[in-house]
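Q: Residue numbers (the working numbering): 1123 to 1451. C-beta atoms are modelled at their ideal positions from N, C-alpha and C, and glycine is treated no differently.
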Ligand code: SAM
Ligand code: SF4
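Structure representation (structure tokens):
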């Protein structure tokens, strides 16, 4: 469906849990995490009702995220059920990969189309520092299983942070040498823990420059338009895969933003940055019928804000106070 600025909204990112088996410093606090009560989290049946309503409004792609989506039991069943909803063409997942090794095959068989695996370091000590858990070997096994399972598209996402994992940039890019995967670098957004910790993301221009210094000219790959996200992709001489960059801070993608987000508690967020949206859980549990649900979703999506305001003076006042693990990235 079109929103008030005539953007075609066709993608929903659904957080299935706010629980996580890592505690990445820029995403989730180590202590004092306020757990959502079990009964406040949307059930799979409720998520499916929302997906059916959204599919009726033109949503074609669903991404399951978290917290860590693989810690929620029966996630492959949810994938299968979402994939079966008429109108849903693509089901994707964003995961830290730690639990992926025993699950990758089942997820593929359930109909999962693509996986984005977040991996910020390939050195044990940097991974353990950043994720606050020494689980790099699990994540590596997860990535191997992902590649073996035969997914059409695998992306590895890294958030480079100044003085923390900068030296991992080249190591991670090397993953795309032998494998036909996309290794993407994503600029740190100054929200939640990242904002409070004072972390500074490495600007994408600098990441590109480092890669170009090592590998020579990067060749731009056109992605076409449509459901694709805001990444810019490049070929590196001698690599089977590609490298990509997402520079959401300096280059606003808001004018072509095609997505909305549903939190684990059932709040429809219209923009990653803003707190405005719709309490879908209240509708679901308040007895709204399918027509009323669809109407309310349609009205909310129509009001999607024009753009984020990370960099604007005073933007902090309008910032959503949710942490990233509560929103799903
Ligand atoms: N646990 C899963 C994972 O890590 O892939 C899914 C949820 S996590 C919130 C989704 C993505 O958000 C991860 O790739 C993570 O790196 C990214 N993320 C978290 N905080 C961020 C921030 N402040 N800026 C940019 N990306 C962030
Ligand atoms: Fe967990 Fe993902 Fe956040 Fe790391 S980035 S703490 S893995 S939700």
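Cβ of residue 1310 within 8 Å of Cβ of residue 1283?
A: Yes, these two residues count as a Cβ contact at 8 Å.
Q: How would you write the range of the alpha helix (DSSP H) that residue 1401 sits in, first residue to last?
A: Where residue 1401 is concerned, there is no enclosing alpha helix (DSSP H), although the beta strand (DSSP E) it sits in stretches over 1399–1401.
Q: Can you name the start and end residues of the beta strand (DSSP E) that residue 1357 belongs to?
A: Residue 1357 -> beta strand (DSSP E) spans 1354–1357.
Q: Just how far apart, CA to CA, sit residue 1286 and residue 1220?
A: Distance between the alpha carbons of residue 1286 and residue 1220: 21 Å.
Q: Using a Cβ-Cβ cut-off of 7 Å (strictly less than) and excluding sequence neighbours within five positions of residue 1150, which residues of its own chain qualify?
A: Excluding sequence neighbours, residue 1150 sits near 1142, 1315, 1445, 1447.
Q: Given 7 Å as the limit, tell me if residue 1420 has its C-beta closer than that to any heavy atom belonging to the ligand SF4.
A: Residue 1420 Cβ: outside cutoff for every heavy atom of the ligand SF4.
Q: To the nearest angstrom, how far is it from the Cα of residue 1164 to the Cα of residue 1278?
A: Rounded to the nearest angstrom, the two C-alpha atoms are 28 Å apart.
Q: Given the structure, does residue 1201 come close to the ligand SAM, in the sense that its CB is under 7 Å from one of the ligand's heavy atoms?
A: For the ligand SAM, not one heavy atom lies less than 7 Å from the Cβ of residue 1201.
Q: With a threshold of 8 Å on Cβ separation, who are the neighbours of residue 1380 within its own chain once the five nearest residues in sequence on each side are excluded?
A: Within the same chain, residue 1380 has close Cβ partners 1129, 1130, 1131, 1132, 1133, 1349.
Q: Excluding the 5 residues preceding and the 5 following residue 1175 in the sequence, name in chain order all residues of the same chain whose CB lies nearer than 6 Å to its CB.
A: Taken in chain order, the residues that qualify are 1415, 1416, 1419.
Q: By the 10 Å Cβ neighbour count, where 16 or more other Cβ atoms means buried, how is residue 1339 classified, buried or exposed?
A: Label assigned to residue 1339: exposed.
Q: Mind listing which residues have their beta carbon within less than 5 Å of any non-hydrogen atom of the ligand SF4? Chain order is fine.
A: Those residues, listed in chain order, are 1142, 1144, 1146, 1149, 1150, 1218, 1447.
Q: At which residues does the alpha helix (DSSP H) containing residue 1329 begin and terminate?
A: Its alpha helix (DSSP H) spans residues 1326–1337.
Q: Which residue's Cα is closest to the Cα of residue 1306: 1272, 1368, 1337?
A: Comparing Cα-Cα distances from residue 1306 to each of 1272, 1368, 1337, the minimum goes to 1368.
Q: Would residue 1253 and residue 1145 qualify as a contact pair, given that the criterion is a beta-carbon distance under 8 Å?
A: Their beta carbons are under 8 Å apart, which means residue 1253 touches residue 1145 by this criterion.
Q: My output table needs one value for residue 1167: the three-state DSSP class, helix, strand or coil.
A: In this structure, residue 1167 counts as helix in the three-state DSSP scheme.
Q: With distances taken Cα to Cα, identify the nearest neighbour of residue 1155 among 1140, 1179, 1169, 1365.
A: Here the closest residue by C-alpha is 1140.
Q: Between residue 1125 and the rest of its own chain, which residues show a CB-CB distance below 8 Å, the 5 nearest in sequence each way excluded?
A: For residue 1125, where only same-chain residues beyond five positions count, the Cβ hits under 8 Å are 1131, 1423, 1424, 1425, 1426.
Q: For residue 1213 and residue 1233, which I take to be in contact (beta-carbon distance under 8 Å), what is that distance rounded to the nearest angstrom?
A: Indeed, because the Cβ distance is near 6 Å, the residues count as touching under 8 Å.
Q: Who does residue 1323 pair with in a DSSP beta bridge?
A: DSSP output for residue 1323 lists 1283 as bridge partner(s).
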